[in-house]
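Encoded as structure tokens, the structure appears first; notes follow it.
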């Protein structure tokens, strides 16, 4: 049985009862029928792990007390039984440990973002991935939307010219009330520097915005001037950040992220003005990409239409007008990681340059962004350079 | 092992290579991790079935030559192996046969719409379902959207008053070119009365529009005056229909369906004006429901928000701003059918009045609508009464 | 002094204190600086007329007790003093009298819609206009929007092909509460058949919808099947109407008008699907026209852009992105009527086929529509033919 | 005759053939029927002035060779003949001279923005206005939109709490092509520092964005960090600017202005997130204001509705759904200036704190913003304080 004639076997770290993103990863992994969940350590609390495993119809023998135990035990299972890869969906602080453990045990990894707790961890992880040659996919899930692929294609083909200006914003109401005081698990760890790292909103959503910009334009952020703010009493991490951007190409931009923006749900919006054309995309209405060319009517590119580009079509499941959403975009990262993993197993690994999903390098870049944004803000919002 | 502690086992009729809706059913069944596909007869062409089965990682022994063979063989398998239900995703002409066969073999059924080829078949099927007491879910999938549930709740609670006027339209470009001449499978059977029945667009999408209206308002269409049209040369079935509506409550309305509407993708839109308030919803942007009350600002209800109603929350997977789409709405029908099937297996069957998913009765109603719309149009677009 | 080197002089019938549309006509006439208001009979109540005249800085000598007096007196004034035309902005019942009087006294006329109280009056008026050869403009003001001109051009040029289906709706909340019982002047006369005629909503807004459809497509409504409804107790005129349409070309359509539609402000919306393309326009967001062609991205045509058609540019005052609104569209009717009046005075009258503004023929057509819609509805919503 | 029983008489400086904004001022002054244009010096070229005057039906005797001549001549005319105020619609460089001349000759002034060529001129002008006590209105016309008044009221009433974050952007395609090389008059002077001053886009549209933010929130911009850019070869003034903002209240924000943004027409958009609620408004769709409160559905406030605030109603001409546009908003500045001028003439001058229209103080503030933004950018985009 080749890796192409069976489902891939997934394990999961994190995502126990009370968590949010773990369930999303499971739906994303399940929807295309290519992956089955067979093992997990869903919580530090083994009772939670057992209950979660039961809810997910797992074999209790493959519900583990710790990720270390799991990596070790799975590695000892027969090749036709053990997991092919692990999905890490814990808070930031708990990404590096399992990622290192599973990679070193020979397993491929899908990891939530930001990739690690610190830039230093990120660089270590990058070395481990390079050394092992295993597949590592980072779930900057917004890159999975077909219309984001369309946008990227429009820049890669040259149709948009070079970037003049980018306006990217990611705003949420999520933390406008002090939910962490009510024990809301998502808010507790996100507002705790011991679990999140030096960035609050910068890391949680600011990195998505920065990644999206670079993913679409292939034009790296070269310098930033960032100001972070905290409004609710008692909080220590940033809830809000405004960033001036200088791109490598000479283009300029602004990035705003805020988690105390009343009325906003999950509003990641990007407008990119190039020398030949411009694009506008909004995550909350993701099936459309507005495309402008000078002196012409604005055009609405739609997911699933006959005129969509090949890279967009490649990650499209349904015809136009049948909206795909967040789960499908997320699933695309899994689908593409699965293809890379299968190629690896099959002895014909892809080059990382062939990956369309975000990689460990994007993860390092995210930590670079967080670290430098905090550094800039702490210096009174002055300019700092990002490592190339 | 109870039906609650294992995944349900699904078989599928139809959905082989070249089909569209079968894949949607499979993704919908998979996403929530509650159902596994284990058997199928995907095509009249056994080669296609075998290939499709292989692509879906099925046991070749459970890929069948015909639905009759499959119903018989599955019924003989041990209780812990055989399918729990079958999903029927063939063209209209081929719904009744397998539905009857599997119901009579003791299997629950999920069936695509319109339910049957003719009203007579629909009524026979209704009797079989009633006699067997088995679960029968009809995939009027648009009823699975959380904001459709919100809309229904706003009418059921009385907040919108009684219906004054409904404007519902379902328009597509899909058949604006003669795709059936190019052999496009979806177009071939939809334009062929031998496979579709007496209604073309009326049946394919008109029934969705009629069902949505009745699902939200619980106010049955009592009389209709319908005019169907065919524009492309060589076609015999309607591509377009306009219908005046009289509702049981005394409310009035209009229903438009068209599959030669250039520029439209899958635009099912409904506006319902009641005596106390009004609702507007669009399938292509399904996460929002606009709600009006006299003299007040229009409000945007959103899926996944804290203020959504319980019926909407019950079928919501993600927080607001993380768009759910077509697959998730479709999955809700499967999720609810699965709960009904599990309750049945567990010996505590639900009453059909407890079902929130569309049932065999909705299926009969759909064929009644098709039949009477064609009758009305054939009589020069004169008024006809629908059976209550 | 030629008619081209001075402002035109306007008189007004109706539009006294408490009225609505008179003020709109005055703003529309004023904005382009081509017309000055110099005389009026604003009300049957002479005190109201005098007060209104004073507010408008008119010479008290030219505020008249009755339209008859005004027509007679103005006709006796010197040619360089007397009005060039009169604007009639009274309720429907009071259109015919002054229109006839002023035409017969040699004055051009701008008249609000529906043109008259009855179809018979409309036909009489048509004959008077033809006999006198004077300019008669009917303020179906929505035809003055640049993007409506763009739409018309797209049909006249053949770019959209022939009409397949039209969906036009005009819905308002305006009469959802019984405002006439509170003495609200606009509601009082609109709900009173003695002032409005046989049509309520059909006449007040239904005629706008029908006119817009014919204006854009040049494809006359040939047959209708209409159902009118009244929901609020005590009302006698229709508040709501649904109409099936057969166009001369063979195209089909639906027209909905409703003034008890909670949540709707002044929502005139039209979608026209042709054999080569399709258009969507909404009056509440009038600076945009969505244009579709088969298999291509939807395009947003905008008022004032470089790519707008000449007929749209001809009636555009501001660059794109600087929204023009209701008053400007209304003003376009005045601007075009003024050009026709000046040409007449100058001895080089335009042919009525050169008029882009709605004329007395459109007025007859409007009354034909009202009369036949009521006739159809009274016959149980059966089909009736419209005079060609 | 009191100033309340006659139209006000306006003179105009600038706005000859080939100009754009002069025509807008004339339409804005005309639409409400309160002001008549009676004199002008429309161009440095007297032939142009004479032609323009003729087109506007002016007395040739009141078409002047220079603003100096006009100020002097008009001052000598009888009180019941001479202009009441002058409207200055020239390029920036030519604002100060006429403003000073007419104020010193005793005339009120309406002036386009930015108010002057330099901050120094602005401060001088402020002193002249204060000394003379005359009315000076600055046409930051976007403040005239009813929904901007609604927004301001929502902040002034405390309903939105204190500002946390502002995102304001003003983007246009206007200068994306080198139109100044084709002699397009609007582009020529805007790209010429000798006529525009130190700011290009910053002054032309950046000041509108800054003014709008301060007008709505009453929360002054205290510090800025600005980066300006120029992309097209041969240009010297900025075409683009990105600005980080610190507000006096402690709120933060970003302001983007760009005139080389392909696909954008005249997109002034503002989102203000406060501690109690949030607002979103877009100039291109100005009749709506989206209002958010924590945990509640987004509400659409509409111009002309029964639920609009009094300050919004005060500047509303039409019921909701009948869109008002750019000219009407502009006209509101004239209408309010006219009321102030009449009160002055009548001997009961308003206090400047009662003015709702932008004043000479806003003009100084605009030049402060331009000057400091350029200073910040020239210092490598570092922080500078604005005068309070």
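Residue numbers (this note's numbering), protein chains in the order written: chain X, 8 to 395; chain L, 8 to 395; chain H, 8 to 395; chain B, 8 to 395.
Note that beta-carbon positions come from the ideal geometry of N, C-alpha and C, so glycine has one too.
*Among all the DSSP beta bridges, which residues are the ones paired with residue 306 (chain H)?*
On the third chain, position 299 is the one that residue 306 (chain H) refers to. Bridge partners of residue 306 (chain H): X:306 and H:298.
*What's the gap between the Cα of residue 244 (chain B) and the Cα of residue 377 (chain B)?*
Working through the fourth chain from its first residue, we reach residue 244 (chain B) at position 237. Working through the fourth chain from its first residue, we reach residue 377 (chain B) at position 370. Their backbone Cα atoms lie some 12 Å apart in a straight line.
*Mind checking the stretch 343-369 of chain X against chain L and listing, in chain order, the residues whose C-beta falls within less than 9 Å of any C-beta there?*
none
*Could you have a look at residue 243 (chain H) and say whether DSSP puts it in helix, strand or coil?*
Translated into positions along the third chain, residue 243 (chain H) becomes position 236. Three-state DSSP puts residue 243 (chain H) in coil, outside helix and strand.
_Burial state of residue 379 (chain X) (16 or more Cβ within 10 Å)_ = As a working note, residue 379 (chain X) is residue 372 in the first chain. That one is buried.
_Rounded to whole angstroms, what is the Cα-Cα separation between residue 374 (chain X) and residue 109 (chain X)?_
Sequence index remark: in the first chain, residue 374 (chain X) carries index 367 (1-based). Sequence index remark: in the first chain, residue 109 (chain X) carries index 102 (1-based). C-alpha separation (whole angstroms): 21 Å.
*Cβ atoms of residue 156 (chain B) and residue 91 (chain B): under 8 Å apart, would you say?*
To locate residue 91 (chain B), count along the fourth chain from 1; it is residue 84. To locate residue 156 (chain B), count along the fourth chain from 1; it is residue 149. Result no, Cβ atoms of residue 91 (chain B) and residue 156 (chain B) do not sit closer than 8 Å.
*asked:* Tell me the DSSP secondary structure of residue 158 (chain X) in three-state form.
replied: Translated into positions along the first chain, residue 158 (chain X) becomes position 151. If DSSP states are grouped into helix, strand and coil, residue 158 (chain X) belongs with the helices.
_Three-state secondary structure assigned by DSSP to residue 124 (chain B)_ = As a first step, residue 124 (chain B) is located in the fourth chain; it is residue number 117 there, counting from the start. Correct three-state label for residue 124 (chain B): coil.
_Extent of the continuous alpha helix (DSSP H) to which residue 57 (chain L) belongs_ = Locating residue 57 (chain L) in the second chain gives position 50, where the first residue counts as 1. 53-62 is the extent of the alpha helix (DSSP H) around residue 57 (chain L).
*In chain H, which residues lie less than 7 Å from residue 329 (chain B) when you measure between Cβ atoms?*
Position 322 of the fourth chain, counted from the start, is the residue given in the question as residue 329 (chain B). Per Cβ cutoff of 7 Å: 273 and 333.
*Answer yes if the stretch 49-58 of chain B comes into contact with the stretch 77-95 of chain B, meaning at least three C-beta pairs across the two stretches below 8 Å, and no otherwise.*
no
*Could you give the DSSP three-state label for residue 11 (chain X): helix, strand or coil?*
Along the first chain, one-based indexing puts residue 11 (chain X) at 4. Reduced to three states, the DSSP call for residue 11 (chain X) is coil.
*For chain B, is any of its Cβ atoms less than 8 Å away from the one on residue 304 (chain L)?*
Residue numbering aside, residue 304 (chain L) sits at position 297 when the second chain is read from its first letter. Yes, because at least one Cβ of chain B sits closer than 8 Å to the Cβ of residue 304 (chain L).
*Any chance you could list the alpha helix (DSSP H) runs of at least 4 consecutive residues sitting entirely within the stretch 92-120 of chain B, in chain order?*
103-111
*Does the pairing of the stretch 99-107 of chain X with the stretch 115-124 of chain X give three or more beta-carbon distances under 8 Å?*
yes
*Find the residues of chain X that neighbour residue 307 (chain H), judging by a C-beta separation of less than 9 Å, and give them in chain order.*
Translated into positions along the third chain, residue 307 (chain H) becomes position 300. Neighbours of residue 307 (chain H) on chain X, chain order: 297, 304, 305, 306 and 307.
*What separation, rounded to the nearest whole angstrom, lies between the Cα atoms of residue 219 (chain H) and residue 265 (chain L)?*
As a first step, residue 219 (chain H) must be located in the third chain, where it is residue number 212. As a first step, residue 265 (chain L) must be located in the second chain, where it is residue number 258. Straight-line Cα distance between these residues: approximately 22 Å.
*asked:* Let me see if you follow: with CB-CB separation under 8 Å, is residue 399 (chain H) close to chain L or not?
replied: Here chain H comprises residues numbered 8 to 395, so residue 399 (chain H) is not present and cannot be evaluated.
*Residue range of the beta strand (DSSP E) that residue 65 (chain X) falls in?*
Position 58 of the first chain holds residue 65 (chain X). No beta strand (DSSP E) holds residue 65 (chain X); DSSP gives it neither H nor E.
*Buried versus exposed call for residue 179 (chain H) [16 or more other C-beta atoms within 10 Å across all chains shown]*: Position 172 of the third chain, counted from the start, is the residue given in the question as residue 179 (chain H). Residue 179 (chain H) should be labelled buried.
*Could you say which of L:390, L:174 and L:89 lies nearest to residue 14 (chain L) if we only look at CA atoms?*
Working through the second chain from its first residue, we reach residue 14 (chain L) at position 7. Cα-wise, what sits closest to residue 14 (chain L) is L:89.
_So, with DSSP's three-state summary, where would you put residue 341 (chain H)?_
Counting from one through the third chain, the residue named residue 341 (chain H) turns up at place 334. In the structure shown, residue 341 (chain H) sits in a helix (DSSP, three-state: H, G or I).
*Do residue 49 (chain X) and residue 18 (chain X) have their C-beta atoms within less than 8 Å of each other?*
Taking the first chain and counting its residues from 1, one reaches residue 49 (chain X) at position 42. Taking the first chain and counting its residues from 1, one reaches residue 18 (chain X) at position 11. Their beta carbons are not under 8 Å apart, which means residue 49 (chain X) does not touch residue 18 (chain X) by this criterion.
*asked:* Using a 10 Å radius around the Cβ and a threshold of 16 neighbouring Cβ atoms, would you call residue 385 (chain L) buried or exposed?
replied: Translated into the one-based positions of the second chain, residue 385 (chain L) becomes position 378. The residue in question, residue 385 (chain L), is exposed, as its Cβ has fewer than 16 Cβ neighbours within 10 Å.
*Can you grab the Cα-Cα spacing for the pair residue 138 (chain H) / residue 221 (chain L), in whole Å?*
The residue labelled residue 138 (chain H) in the question sits at position 131 within the third chain. The residue labelled residue 221 (chain L) in the question sits at position 214 within the second chain. Each residue's alpha carbon lies about 56 Å from the other.
*Reference residue 242 (chain L); option with closest CA among L:305, L:203 and L:38*: In the second chain, residue 242 (chain L) corresponds to position 235, counting from 1. Of the listed residues, the one whose Cα sits closest to residue 242 (chain L) is L:203.
_Does the CB of residue 159 (chain X) have a neighbour CB from chain L at under 8 Å?_
Numbered from its first residue, the first chain carries residue 159 (chain X) at position 152. It does not: the Cβ of residue 159 (chain X) has no partner Cβ on chain L nearer than 8 Å.
_Beta-carbon neighbours of residue 313 (chain H), restricted to chain X and to distances below 7 Å_ = Numbered from its first residue, the third chain carries residue 313 (chain H) at position 306. Here the neighbours are 302.
*Cutoff 8 Å: residue 325 (chain B) Cβ touching any chain H Cβ*: The residue you call residue 325 (chain B) lines up with position 318 of the fourth chain. It does: the Cβ of residue 325 (chain B) has a partner Cβ on chain H nearer than 8 Å.
*Using the C-alpha atoms, what's the distance from residue 391 (chain L) back to residue 382 (chain L)?*
Here the question's residue 382 (chain L) lines up with position 375 in the second chain. Here the question's residue 391 (chain L) lines up with position 384 in the second chain. Roughly 8 Å separates the two Cα atoms.
_residue 200 (chain B) versus residue 258 (chain B): straight-line alpha-carbon distance, rounded_ = By 1-based counting over the fourth chain, the position of residue 200 (chain B) is 193. By 1-based counting over the fourth chain, the position of residue 258 (chain B) is 251. Rounded to the nearest angstrom, the two C-alpha atoms are 33 Å apart.
*Does any CB atom of chain L fall closer than 8 Å to the CB of residue 238 (chain H)?*
Along the third chain, read from residue 1 onward, the residue named residue 238 (chain H) stands at position 231. By this cut-off, residue 238 (chain H) is an interface position.
*Alpha carbon to alpha carbon, what distance is there between residue 120 (chain X) and residue 195 (chain X)?*
Taking the first chain and counting its residues from 1, the one referred to as residue 195 (chain X) is at position 188. Taking the first chain and counting its residues from 1, the one referred to as residue 120 (chain X) is at position 113. The alpha-carbon atoms of residue 195 (chain X) and residue 120 (chain X) are separated by roughly 17 Å.
*According to a CB-to-CB cut-off of less than 7 Å, which residues of the stretch 176-209 of chain X neighbour chain B?*
176, 180, 183 and 184
*residue 371 (chain X): first and last residue of the uninterrupted alpha helix (DSSP H) it sits in*: Here residue 371 (chain X) refers to the residue found at position 364 of the first chain. Its alpha helix (DSSP H) spans residues 367-385.
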